[in-house]
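Numbering (this note's numbering), first residue to last: 218 to 442.
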């Protein structure tokens, strides 16, 4: 019998890298939640079709490329994003933490990290001396990049599009000035411009108030339709 591409250890590593809960992993892989739990426990082998879907999900999540990716992964290494993602296995960096890592803003992290994860998970106020700001986790796992930093360690961060959407959605907590700067940086400093259509489509799913906020920050750029 041909040897399967993945063993259960490889599947567990994939789950760790993706930060998916069992229900989310089941939806991504097209299997039942019970099957995911059995694969985690070594009770069943990993079918090649499941491994292929898992690899495809990883590849599709990494939407930042080129120089932007090098900058992001380098900052993630320096800021030790991998460690905080390991500490909170279903969380990802988002909001200003993602914008700063992408070089969009001159804002300082100020010993803080902005994270998002399913609301049922623990959300402590501090970690390793960092203040943690937890944001709501709508429409996951869309827009979460499962990446490796410059040292090859796995971490998770909001995509460019999800970052812009979250910044607009949380303008009340951040302040308009900081959001304006982050949007300006996204369209001025990025080698790969964010997909505006995708941002606006996702904003519609969150309701008219989010649509209005997103349009407010995007409209100053005349080349953007």
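C-beta: ideal position from N, C-alpha, C; glycine also.
Subject >> Nearest candidate by alpha-carbon position, reference residue 224, set 290, 350, 257 and 291 >> reply: 257
Subject >> 8 Å Cβ cutoff, residue 339 in contact with chain C >> reply: Of the chains in the structure shown, none is chain C; there is only one protein chain.
Subject >> Start and end residues, beta strand (DSSP E) containing residue 239 >> reply: That residue, residue 239, is in no beta strand (DSSP E); its alpha helix (DSSP H) goes 239-246.
Original post:
What beta strand (DSSP E) runs, 3 residues minimum, are completely inside the segment 259-338?
Top reply: 329-333
Original post:
Cβ of residue 369 within 7 Å of any heavy atom in the ligand COA?
Top reply: What this structure holds is no ligand at all, so the ligand COA is not there to describe.
**OP:** Indicate whether the contact test is met: 3 or more Cβ pairs, each with one atom in the segment 376-384 and one in the segment 245-255, closer than 8 Å.
**Re:** no
Original post:
Considering only residues of the same chain and omitting the five flanking positions on each side of residue 228, which have a CB-CB separation below 6 Å?
Top reply: 256 and 263
Original post:
Which word fits residue 287, buried or exposed, when buried means at least 16 other C-beta atoms lie within 10 angstroms of its C-beta?
Top reply: exposed
Original post:
What's the gap between the Cα of residue 319 and the Cα of residue 272?
Top reply: 25 Å
Subject >> Those residues which DSSP pairs with residue 349 across a bridge >> reply: 330
**OP:** Measure from the alpha carbon of residue 358 to the alpha carbon of each residue in 279, 285, 395 and 222, then state which is nearest.
**Re:** 279
Original post:
With DSSP run on the structure shown, which of helix, strand or coil describes residue 222?
Top reply: coil
Original post:
Can you tell me where the beta strand (DSSP E) with residue 434 in it begins and where it stops?
Top reply: From DSSP, residue 434 is part of no beta strand (DSSP E) but of the alpha helix (DSSP H) over 425-435.
Subject >> Where the alpha helix (DSSP H) through residue 400 begins and ends >> reply: 393-405
**OP:** Whole angstroms is fine: what's the gap from residue 384's alpha carbon to residue 422's?
**Re:** 16 Å
Original post:
Is residue 296 closer than 8 Å to residue 313 when the C-beta atoms are compared?
Top reply: no
Original post:
Excluding the five sequence neighbours on either side, which residues of its own chain have a C-beta within less than 8 Å of the C-beta of residue 316, listed in chain order?
Top reply: 322, 324, 380, 384, 399, 402 and 403
Original post:
Run through DSSP, which three-state label would residue 251 get?
Top reply: helix
**OP:** Please work out which residues of its chain come closer than 8 Å, Cβ to Cβ, to residue 311, disregarding the five sequence neighbours upstream and downstream, and give them in chain order.
**Re:** 331, 332, 333, 352, 374, 375, 379, 380 and 383
Subject >> Environment of residue 301 [buried if 16+ CB atoms lie within 10 Å] >> reply: buried
Original post:
Between residue 427 and the rest of its own chain, which residues show a CB-CB distance below 6 Å, the 5 nearest in sequence each way excluded?
Top reply: 386 and 420
**OP:** Please work out which residues of its chain come closer than 6 Å, Cβ to Cβ, to residue 274, disregarding the five sequence neighbours upstream and downstream, and give them in chain order.
**Re:** 245
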